[in-house]
Amino acid sequence: MTNTPGKKRTDKATRIIQATPQQIYKALVDPAALAVWLPPKGMKGEMLEFDARVGGFYRMALTYLEMDASTQGKTTEDTDVVEGKFLEFSPDQRVVQLIEFESDDPAYAGEMTMTWSLAAVAEGTAVTILCENVPEGIRKEDHDEGLRSSLENLSDYIGSV
4 MTNTPGKKRT DKATRIIQAT PQQIYKALVD PAALAVWLPP KGMKGEMLEF DARVGGFYRM
64 ALTYLEMDAS TQGKTTEDTD VVEGKFLEFS PDQRVVQLIE FESDDPAYAG EMTMTWSLAA
124 VAEGTAVTIL CENVPEGIRK EDHDEGLRSS LENLSDYIGS V
């Protein structure tokens, strides 16, 4: 989808991971695991706060490992601080979060709903990330790349535990 004035866009990515829905769900609700696999390539994660319950929240810092002309943090020059509120937990099936970026730039303002869905398939589990109301400051190409990267990292993480 593309941005149209006054409307937020929806981005989506899916990957088949050779693991059970139970293994993947566990990685979605474990703060130490999230800090390892959620940051897209080129970033490192630090979980600042984490309370995995409906109505609970987390706060995570994502820091660029190297800066260049194409990288710019939303919170500071090299860091994005993300706050997520947990809206729903369906064990081994789905986690829904409301995401906000800490930024003075209105292009990154607002709340984005992120739904992680898990579906058992013959090859393992289809993991789908659906992001609704993506802030207009996040370029679609960058977001698509970041979502694919996080799914690849998740697959690598699951394969290593």
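Each residue of the sequence shown is one higher than the one before, counting from 4 in this note's numbering.
Ideal Cβ placement from N, Cα and C applies to all residues, glycine included.
This structure is a prediction, so every number in the text was calculated from the model and none was measured.
Sequence-distant residues of the same chain with beta carbon closer than 6 Å to residue i, five excluded per side
i       : result
Ser-120 : Arg-97 and Thr-131
Glu-91  : Val-99
Glu-155 : none
Val-164 : none
Leu-133 : Lys-15 and Thr-118
Rounded distance between the beta-carbons of residue j and residue i, thought under 8 Å
i       : j      : result
Ile-161 : Ile-20 : 6 Å
Asp-147 : Ala-64 : That belief does not hold up - the Cβ atoms of Asp-147 and Ala-64 are roughly 23 Å apart, past 8 Å.
Distance between residue j and residue i (C-alpha atoms, nearest Å)
i       : j       : result
Ala-72  : Leu-150 : In this prediction, Ala-72 scores a pLDDT of 49, lower than 50, which makes its location untrustworthy; the coordinate-derived value is nonetheless stated afterwards. Their backbone Cα atoms lie some 21 Å apart in a straight line.
Ala-38  : Ala-30  : 10 Å
Ala-2   : Met-50  : Residue 2 lies beyond the stretch modelled for the chain, which goes from 4 to 164, so this question has no answer here.
Lys-11  : Arg-142 : 12 Å
Trp-40  : Asp-95  : 18 Å
Thr-66  : Ser-158 : 21 Å
Glu-69  : Asp-83  : 14 Å
Asp-108 : Val-85  : 14 Å
Phe-60  : Glu-126 : 32 Å
Cβ-based neighbour list, residue i, same chain, cut-off 7 Å, excluding 5 preceding and 5 following
i      : result
Ala-55 : Val-32 and Phe-89
Option nearest residue i by Cα separation, candidates the options
i       : options                           : result
Val-124 : Ala-22, Lys-15, Glu-52 and Lys-11 : Ala-22
Gly-87  : Ser-106, Glu-52 and Leu-157       : Glu-52
The ligand MG heavy atom lying under 7 Å from the CB of residue i
i       : result
Leu-133 : Here there are no bound small molecules, and the ligand MG is not part of this structure.
Counting pairs of Cβ atoms below 8 Å between the segment 12 to 29 and the segment 40 to 47, do you hit three or more?
Contact between the segment 12 to 29 and the segment 40 to 47 is absent: fewer than three C-beta pairs spanning the two stretches fall below 8 Å.
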